[in-house]
Structures are given as C-alpha cells and as structure tokens.
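Undergrad:
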Amino acid sequence: MLKVRHFEIKAKYWLILDFMRATHSKKVGTGSNKRPEKLNVHIRNSWRTNLQLIRSIGNMIGYKKSLSEWQCLSEVKMGRGSPIPPMLRRKIVEQYQKGVSQRKIAKSLKLSSSTVHNIIQRFRESGTISVRKGQGRKTILDARDLRALRRHCITYRNATVMEITTWAQEYFQKTLSVNTIHRAIRCCRLKLYRSKKKPYLNMIQKRRRFLWAKAHLKWTVAKWKTVLRSDESKFEVLFGKLGRHVIRTKEDKDNPSCYQRSVQKPASLMVWGCMSACGMGSLHIWKGTINAERYIQVLEQHMLPSRRRLFQGRPCIFQHDNARPHTASITTSWLRRRRIRVLKWPACSPDLSPIENIWRIIKRKMRQRRPKTVEQLEACIRQEWDNIPIPKLEQLVSSVSRCLQTVIKRRGDATQW
1 MLKVRHFEIK AKYWLILDFM RATHSKKVGT GSNKRPEKLN VHIRNSWRTN
51 LQLIRSIGNM IGYKKSLSEW QCLSEVKMGR GSPIPPMLRR KIVEQYQKGV
101 SQRKIAKSLK LSSSTVHNII QRFRESGTIS VRKGQGRKTI LDARDLRALR
151 RHCITYRNAT VMEITTWAQE YFQKTLSVNT IHRAIRCCRL KLYRSKKKPY
201 LNMIQKRRRF LWAKAHLKWT VAKWKTVLRS DESKFEVLFG KLGRHVIRTK
251 EDKDNPSCYQ RSVQKPASLM VWGCMSACGM GSLHIWKGTI NAERYIQVLE
301 QHMLPSRRRL FQGRPCIFQH DNARPHTASI TTSWLRRRRI RVLKWPACSP
351 DLSPIENIWR IIKRKMRQRR PKTVEQLEAC IRQEWDNIPI PKLEQLVSSV
401 SRCLQTVIKR RGDATQW
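Note that the UniProt record's numbering has the sequence shown beginning at 1, numbered continuously upward.
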C-alpha cells in the first residue's frame, strides 16, 4: 500500500465519490437515489482506514489509470482550502513553459485564474511547485529571544525550569508558562538530562591533577603496563531495588506491583582487588572496618603473590589511592622496607585509574544477575572478576594517555571517564 498523506487520501476520496455520483446518475437517471446514498455512507465510514477500498471503487467504475493521473484529468474542482495535487501543479508549470496563457490553462484544467497565477508566480520566485507553508500563529518568543534563552541556559546549566521561567518573564517582559519554556528549550536544541556524578575538585586539586598529567604524559603504553593497580569498592545486595521505570497505565500508579521497593540498610561487601595489563590479581573480601594494620596484612597476603605471578620478577610500580589506611605512616614504612616503588597519585582522581572501569563492569553484571544473599553476591563477584579478559585490560591501560590529554585540556578538571 502506498504511503499517502492524510489530506491526499481525503481529496482522492471526495474526487472518486463525486465522479461515481456523476457516472451513476448518467446510468440510472436522477429518479433513483437509494444506491448512491448507501454507497456514500459506506465510503464515508471507511475512507480513513482502507485505501484499498478507494482503488476497488476505481476498478468498479472501469477506470484503469492511476489516482494521480485521474486527479489531473478530472473535471471535478478541488474543494475550497484543499491543496492542488503535485501532478496538477506540474502540469500547470509545463503548459506555462510551453507558452500557453494562464487563462487558457485555467480554462482547460477547470481551475480559477487566481490559483493558476499563484502557482506560476511561486514557480517564478522560488523555482518550486510545493505548497507554501502556512503562517500559523506567531510564537511568543522570536529568534532573538530564543538566542538569549539559550545563552542563559548554557550559563546556568543547573537552574530548574521554574527558575528559568521566572528569569524569562522578567527579562522578556512577557507572560510565559513553564510548558512554554520547556518547548522553547527544546527549540534551542537543548534538553534536561540527569547529570553525571563526579567528585568535587577545588582549585588546588585541579592544579595538582594538571601538573601530574603533564609529568606523566610522556609515559609510553609499555611503561603503563608495568603498573600494578589496586583499589577497594563496595557492593550491595540489590534485592528489592528495581529500576526507576515501570511499564503501566496511568491508572496503575498505585498498584503494588508498580512501586519501586528499596531496602533501608542492604547487606554489602567491601572488596579489595588488584590488576594490571598482564591479568587480574587476587581478590579479597573485607570483613569489618579497614585500618592500616589490616591493609598491610592484605598487601602481604594478596598483593605480593599477585605481583610475583603477574610480573614474574620484572620491575613494576604499585598504585593505590590516597585513602587514610594507604597513606598512614606504618603503611608507607612497610612499603619502603619492602622496596616497593609507589606511584604518586593525585587526590580525587578515580577517572585516571583503569581499575574503576573494572568495578563498573562487575557492578553492571551484578545488576543483571541480582544476587539475593551475601554468599551469592560474593560468589558472583569472584566469578565475574575471573572472567575479565586480558584484551579488555590492555585496552583500559592503553587509554590512560588519552585520559591525561583530556585532563590537560580541561586544566585539571574531571573527565568523562
């Protein structure tokens, strides 16, 4: 079935109906009107949904040409306000280019002279035969107002729509509603999104991140592959925490199956792990609070064996963040006694560590698997930890240089990673 626009279907319907009435009146005379009335009611009830019926009517009256050709050649006039079909417009322009006068064109096609004149004049001005778009109601905010609104929204990105509406009413001196500002924001090619969560960085931290990125920008990928990265992350049992969105009707908002259930204090696990481009290291599940003494025990029991297994005696650099157990004096003394070279790390910089992406991947898997107990959660974490492929680790490590370039470009501010 051809895709025909709404008004074209309606125009074809009325043209065919008038043509059938004229044809039927010639055959049966004007004395009997029962059959055309029944046909009229039947077609009126079905023209919106069945285009095949219009085609079958054309075959029933013996018309063999296409609907577009029939519109061009029919002697029936279009209704007031109905657009002239494109083929009829094209025929008017073709006859005009052949030198036929506008009056003769209007007479041959049974159209008004003003209609033919307007079509020809539009063809002279723009070179097209398309219908001119209607003017419609003028918008409250013109192009200049939209530019001012766009500048304000970009300057104050965290402002609410109500605050923007209050500002716009005072600035433009116009009566504006919240829905009007919503539409105007969309016209400015802007949209309200949920912002990403990033750690707060003051000016000193941004400066240190910028200097650290410049100092390590010359490191090659082979140099970054010698870094053993470690970090901790918290995992919660996701039982009862469904998604924010639910598929329902408007009346089902109070249906218990459509509620978003949450647990006040869900069971959780604190996990420590280490990784490098050579593979995944050991994984340790914390029990209780973390302090410097317990952190040193984890380094002795898990970090040192992982270092020997992954690097096999080759020199490597150990990296951890600036948490209090990591920067305690006994921890730094233990690392110094063990002759472990530690990579100096800027504060509030999880976006520069590839192991944060590993935690993100595992947490995404946990949301899909949805373990119900702490034991199931621990088993799922260990399984997904061992399933991380080495090509993925190499890809994450090789992206560190690109992260440093972004930090330098943003003068130490947070990146998209």
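For each residue, glycine too, the CB sits at the ideal point set by N, CA and C.
Let me know the secondary structure DSSP gives R261 once reduced to three states.
TA: Taking the first residue of the sequence shown as 1, we reach residue 261 at position 261. Coil at R261, not helix or strand.
Undergrad: Given this structure, state the Cα-to-Cα distance separating E356 from H320, to the nearest angstrom.
TA: Counting from 1 along the sequence shown, the entry for residue 356 is found at position 356. Counting from 1 along the sequence shown, the entry for residue 320 is found at position 320. Their backbone Cα atoms lie some 12 Å apart in a straight line.
Undergrad: Using the C-alpha atoms, what's the distance from R370 back to S262?
TA: Position 262 of the sequence shown holds residue 262. Position 370 of the sequence shown holds residue 370. Distance between the alpha carbons of S262 and R370: 14 Å.
Undergrad: Taking Cβ to Cβ, would you say T115 is nearer than 8 Å to I84?
TA: Along the sequence shown, one-based indexing puts residue 115 at 115. Along the sequence shown, one-based indexing puts residue 84 at 84. Contact: yes.
Undergrad: Three-state secondary structure (DSSP) at V342?
TA: Sequence index remark: in the sequence shown, residue 342 carries index 342 (1-based). In the structure shown, V342 sits in a strand (DSSP, three-state: E or B).
Undergrad: Distance, Cα to Cα, R337 vs K198?
TA: Counting from one through the sequence shown, the residue named residue 337 turns up at place 337. Counting from one through the sequence shown, the residue named residue 198 turns up at place 198. The straight-line gap from Cα to Cα measures roughly 36 Å.
Undergrad: So for H245, helix, strand or coil by DSSP?
TA: Counted from its first residue, the sequence shown places residue 245 at position 245. Three-state result, H245: coil.
Undergrad: Give the range of the alpha helix (DSSP H) segment to which K392 is assigned.
TA: As a working note, residue 392 is residue 392 in the sequence shown. Element bounds for K392: I390 to S398.
Undergrad: Spatial neighbours of R382 within its chain, please: C-beta separation below 8 Å, excluding the five flanking residues on both sides.
TA: For the purposes of this step, residue 382 is taken as the residue at position 382 of the sequence shown. Only L283 meet the Cβ criterion.
Undergrad: Need the endpoints of the alpha helix (DSSP H) that D386 sits in, please.
TA: In the sequence shown, the residue the question calls residue 386 occupies position 386. First-last of the alpha helix (DSSP H) with D386: V374 to D386.
Undergrad: Just reading off the beta strand (DSSP E) that S230 is part of, what are its end residues?
TA: As a first step, residue 230 must be located in the sequence shown, where it is residue number 230. V227 to E236 is the extent of the beta strand (DSSP E) around S230.
Undergrad: By the three-class DSSP mapping on this structure, what secondary structure does S113 have?
TA: Residue mapping note: residue 113 aligns to position 113 of the sequence shown, counting from 1. Here S113 sits in helix by DSSP.
Undergrad: Quick one: grab the DSSP three-state call for residue 431.
TA: Not covered by the structure: residue 431. The range shown for the chain is 1 to 417.
Undergrad: Take every Cβ of the stretch 147-159, pair it with every Cβ of the stretch 121-128, and state whether three or more of those distances are shorter than 8 Å.
TA: Verdict: no, contact absent.
Undergrad: Could you have a look at K253 and say whether DSSP puts it in helix, strand or coil?
TA: Start at 1 with the first residue of the sequence shown, and residue 253 comes out as number 253. Helix.
Undergrad: Using the C-alpha atoms, what's the distance from R137 back to R48?
TA: Your numbering for residue 48 matches position 48 in the sequence shown. Your numbering for residue 137 matches position 137 in the sequence shown. Unreliable placement is indicated for R48, whose pLDDT of 44 sits below 50; no coordinate value is reported for it.
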